[in-house]
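Below is one structure, written out as structure tokens, with a few remarks after it.
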Amino acid sequence: MKKVEKDEDKEILRKLVPRKFWKWKKIFGKRESERMPVQKAWDHAIELKEGFMLRKGKVYSLSREEREEVQAFVEDQL
Numbered sequence: 001m002k003k004v005e006k007d008e009d010k011e012i013l014r015k016l017v018p019r020k021f022w023k024w025k026k027i028f029g030k031r032e033s034e035r036m037p038v039q040k041a042w043d044h045a046i047e048l049k050e051g052f053m054l055r056k057g058k059v060y061s062l063s064r065e066e067r068e069e070v071q072a073f074v075e076d077q078l
């Protein structure tokens, strides 16, 4: 059964994604999208200037289901 599903997924990929992008398909897979990126040597902190004042931004309200989903995702990543 899984082989049939994989064959169907490959067929969908061939139809929707241009061939030149196929080599990156693994990066956008379900498993990879559920993980946080691994820290690398070239990652860096953003240093704020002295006296920097944080400006208020928009707050987007979420439904109860959306909040629970976000919370579950954050807990999984921690």
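Following our numbering, the numbering of the sequence shown begins with 1 at its first residue and continues without gaps.
Backbone N, C-alpha and C fix where the C-beta goes; we use that ideal spot for every residue, glycine too.
Source: prediction; values computed, not measured.
Measure how close the beta-carbons of residue i and residue j come, nearest whole angstrom, since I'm counting them as under 8 Å.
i     : j     : result
Val70 : Leu62 : 7 Å
Under 8 Å between the Cβ atoms of residue i and residue j?
i     : j     : result
Lys25 : Leu13 : yes
In three-state terms, what does DSSP make of residue i?
i     : result
Gln39 : coil
Arg31 : helix
Arg14 : helix
Whose C-alpha, out of the options, is nearest the C-alpha of residue i?
i     : options                    : result
Lys6  : Lys23, Gly29, Pro18, Arg19 : Gly29
Gln77 : Phe21, Lys20, Ser33        : Ser33
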